[in-house]
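>
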């Protein structure tokens, strides 16, 4: 049974249709990517799941029924616009937030200390939040999201403001949570992280769901008949290849419809003047898919950063 | 409920740990106590106060000629200022020599006529009264036979009020009826002002630090509001109690007390009733301010608007005469049933009479209902896009907030 079921949900703010007929399901033990340009309706969809906003139409089923106050304790939410009590010591602030999720004080402190260790913040436990760096505050907010051990985690831009080392730490944490059977919804613009972590995705554009399913299936469906090869020697003309262009130190070869990647590989391996260093079926990156999907009818790529603002941020 | 208490405790502890709070709660009263102590050191004793009531010695020496033989001794405090002369001629010579400025003659028939003749070198209509007063006291002390009796005759009315327990006089309850509502209103108003100020500050801080969305994803808006109201209200009451306690201590140290008739008692039932109305009044007004805090785009805007919300609290004071004189009259009854004026009006009535039980019950019920509705309303405002976006309030957004969209 899905942990989250969003069925044909719509939400309008005044003249603006923030979300239109969006549906999705999130299962236990998976990381689900909620993607889309700014203003696409991702945050509004999340807020409707959490009952902060009520949908104009459609149904949202959380953990087998309508969202209610008791279920809030079973959810960890890292909002896009986030903050902590700046004047409080870090440990006290995180323990208080965990207590609000129904954890006893002693258990909350134990859990918080564990995550402070895991995210390398233990030495800052007694510092005031305002004295922490932006990256440290970001990690602290992630701890506030997970300290009460929720079944469902919702991260809105979890890697914002983190350096590569801490991105790695947070990714490890998310993978641990998935392995332990928790469901994770991740909303982000960082496509490389989605590719690395997500099992399934929903791409939202202008309030509507435009791509939904397993990440591998989506990438396959966008893949043309192409390969990427890296060779030592002059590649020259290759039978069955319609076009050839360099790509990141390799060559991307577009094949005609009668030629398979295996045939090209056999052909290249049979040439004594070439040494094949790398060979792969060329699947489009999620970046490419994202841009191609949100490109408007005129063929222009919208300015993703200056696009319409999130419905309510 | 559990989260509400967690929030209340958090808000209370966080606030009372602040240096600014500690300074205001304990620093200011301490300063006041030091000032009272300083004033007390230089304050006159009861004897001093009595002495102030009695005439002082004239600035320049005066003479007297006692032809009636009544002045056997001059009171000690005045003795240096009065010189006795055997005859009018001797006294005149003393005036001419500059030894005295003026003198009195007590004629031989004084005890029959009560007449005293005053001789002055320079008649001064302004200063004459004080000079005459001092010699009048000299004569009184001698005619009465003792200084104690003279001082009693001079100030025969040193009032101390005592109320017989259970038989409070009309006058004493009337006086208490006047000032007690004022005092309780000030207590309520001070608690409210402090607590709602902190409440607005707390909401504003959470808006600024973007904590509200995290809070709303964890706790019901009603619990957030109720928790903050209780926690900060407790801090407000702590502050007022600390101030009152310090004031009482300062008065005790200074050897003074409040001007309450001795033996006067409000009675436990009335006290509890007063506390109930105090608490309900606090919850009602605090929740209104919280709703305002949720709507207002900034702390400054919210603070400016609170005075409008508090206005109904003061309405009973405009009618205090009517309430005190006719505690069961129509205006008093109406105002004690309307929730916004009920806390102060009912307190004023309770001091004077025992209001009919149905009125108390109805008033409590209406206050409870309104306070509950007010909290619910404010809680709805909490969860709105207005709160999350910090955008200015519009009719549409307000309507949307009230619908709970």
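Protein chains in written order, with the numbering used here: chain W, 25 to 337; chain G, 737 to 1141.
Every residue, glycine too, gets a C-beta built ideally from N, C-alpha and C.
Everything numeric in this text was worked out from a predicted model, so none of it was measured.
Sort G/857, G/851 and G/811 by Cα distance to residue 873 of chain G and report the nearest one.
Nearest option by C-alpha distance: G/811.
> Are there three or more Cβ pairs, one per stretch, closer than 8 Å when the stretch 111-122 of chain W is compared with the stretch 142-153 of chain W?
Yes, since at least three Cβ pairs between the stretch 111-122 of chain W and the stretch 142-153 of chain W fall closer than 8 Å, the two stretches touch.
> Expressed to the nearest angstrom, what Euclidean distance is found between the alpha-carbon atoms of residue 312 of chain W and residue 98 of chain W?
The alpha-carbon atoms of residue 312 of chain W and residue 98 of chain W are separated by roughly 36 Å.
> Please classify residue 309 of chain W: does DSSP put it in a helix, a strand, or coil?
Residue state, collapsed to three classes: coil.
> Out of G/944, G/806 and G/1067, which has the shortest C-alpha to C-alpha gap to residue 1030 of chain G?
It is G/944 whose Cα lies nearest to the Cα of residue 1030 of chain G.
> Could you tell me the alpha carbon to alpha carbon distance between residue 1077 of chain G and residue 774 of chain G, rounded to whole angstroms?
One C-alpha to the other measures close to 41 Å.
> Go through its chain and collect everything with a Cβ distance to residue 51 of chain W's Cβ below 7 Å, but skip five positions before and after it.
Within the same chain, residue 51 of chain W has close Cβ partners 26, 27 and 207.
> Note down the Cα distance separating residue 902 of chain G from residue 1086 of chain G, rounded to an integer number of angstroms.
Unreliable placement is indicated for residue 902 of chain G, whose pLDDT of 49 sits below 50; the coordinate value is still reported in the next sentence. Cα to Cα, residue 902 of chain G sits roughly 15 Å from residue 1086 of chain G.
> Pull up the DSSP beta-bridge partners for residue 302 of chain W, would you.
The partner list for residue 302 of chain W (beta bridge, DSSP) reads W/254.
> What are the start and end residues of the beta strand (DSSP E) that includes residue 278 of chain W?
First-last of the beta strand (DSSP E) with residue 278 of chain W: 274-279.
> Could you tell me the boundaries of the beta strand (DSSP E) in which residue 56 of chain W lies?
Its beta strand (DSSP E) spans residues 55-59.
> Following the continuous beta strand (DSSP E) through residue 213 of chain W, name the residue where it begins and the one where it ends.
Taken as a continuous stretch (DSSP letters only), residue 213 of chain W belongs to no beta strand (DSSP E), as it is neither H nor E.
> With DSSP as the reference, identify every bridge partner of residue 823 of chain G, one or two as the case may be.
DSSP lists no partner for residue 823 of chain G.
> Could one say the Cβ of residue 901 of chain G lies closer than 8 Å to chain W's Cβ atoms, at least one of them?
For residue 901 of chain G, the predicted structure reports a pLDDT of 49, less than 50, and the residue's modelled location is therefore unreliable. The matter cannot be settled from this model.
> Using a C-beta to C-beta distance shorter than 7 Å, which residues of chain G count as neighbours of residue 123 of chain W?
Residues of chain G passing the Cβ test: 742.
> Specify the secondary structure class of residue 297 of chain W as computed by DSSP and reduced to three states.
DSSP places residue 297 of chain W in coil when its eight states are reduced to three.
> Mind listing the chain G neighbours of residue 110 of chain W? Cutoff is C-beta to C-beta under 7 Å, in chain order.
Residues of chain G passing the Cβ test: 945.
> Would you mind giving the Cβ-Cβ distance between residue 975 of chain G and residue 1014 of chain G, rounded to the nearest angstrom? I have them listed as a contact below 8 Å.
Between residue 1014 of chain G and residue 975 of chain G the Cβ distance is about 15 Å, and since that is not below 8 Å, they are no contact.
> Could you tell me the distance, in whole angstroms, from the CA atom of residue 1057 of chain G to the CA atom of residue 1010 of chain G?
Going from the Cα of residue 1057 of chain G to the Cα of residue 1010 of chain G covers about 20 Å.
> Using only alpha-carbon positions, find the residue among G/869, G/924, G/1037 and G/737 that is nearest to residue 1012 of chain G.
Of the listed residues, the one whose Cα sits closest to residue 1012 of chain G is G/924.
> Looking at the C-beta of residue 96 of chain W, does it have a partner C-beta in chain G at a distance below 8 Å?
Chain G, which has a Cβ nearer than 8 Å to the Cβ of residue 96 of chain W, makes this yes.
> Express the C-alpha separation of residue 1101 of chain G and residue 1073 of chain G in angstroms, rounding to a whole number.
Distance between the alpha carbons of residue 1073 of chain G and residue 1101 of chain G: 9 Å.
> Around the C-beta of residue 293 of chain W, are 16 or more other C-beta atoms found within 10 angstroms, so that it is buried, or is it exposed?
Burial call: exposed.
> How would you list, in chain order, the residues of chain G whose beta-carbon sits under 7 Å from the beta-carbon of residue 44 of chain W?
What residue 44 of chain W touches in chain G: nothing, since even the nearest Cβ is about 17 Å away.
> Can you give the Cα-Cα distance for residue 229 of chain W and residue 1017 of chain G, rounded to whole angstroms?
Each residue's alpha carbon lies about 51 Å from the other.
> Measure the C-alpha to C-alpha separation of residue 92 of chain W and residue 1111 of chain G and round it to an integer number of angstroms.
C-alpha separation (whole angstroms): 19 Å.
> Starting from residue 164 of chain W, trace the alpha helix (DSSP H) in both directions and tell me its first and last residue.
158-170 is the extent of the alpha helix (DSSP H) around residue 164 of chain W.
> So, with DSSP's three-state summary, where would you put residue 32 of chain W?
Residue 32 of chain W falls in the strand class under three-state DSSP.
> Could you give the DSSP three-state label for residue 264 of chain W: helix, strand or coil?
In this structure, residue 264 of chain W counts as coil in the three-state DSSP scheme.
> Per DSSP, which one or two residues make a beta bridge with residue 224 of chain W?
Residue 224 of chain W is bridged to W/56 and W/238.
> If we count the other Cβ atoms within 10 Å of its Cβ and call it buried at 16 or more, is residue 739 of chain G buried or exposed?
Residue 739 of chain G is buried by the Cβ-count criterion.
> Enumerated in chain order, which unbroken segments of the alpha helix (DSSP H) with a length of 4 residues or greater are wholly contained in the stretch 113-160 of chain W?
With a minimum length of 4 residues, the continuous alpha helix (DSSP H) runs that stay inside the stretch 113-160 of chain W are 114-123 and 129-142.
> Compare the C-beta of residue 113 of chain W against all C-beta atoms of chain G and say whether one is closer than 8 Å.
Chain G, which has no Cβ nearer than 8 Å to the Cβ of residue 113 of chain W, makes this no.
> Mind reading off the beta-carbon distance from residue 821 of chain G to residue 827 of chain G? Whole number of angstroms is fine, and I expect it under 8 Å.
Right, the Cβ-Cβ distance comes to about 4 Å (below 8 Å), so this counts as a contact.
> Less than 8 Å separating the beta-carbons of residue 1051 of chain G and residue 1071 of chain G?
Result yes, Cβ atoms of residue 1051 of chain G and residue 1071 of chain G sit closer than 8 Å.
> Taking the straight line between their C-alpha atoms, what separation do you get for residue 755 of chain G and residue 82 of chain W?
Near 51 Å, if we compare the C-alpha coordinates of residue 82 of chain W and residue 755 of chain G.
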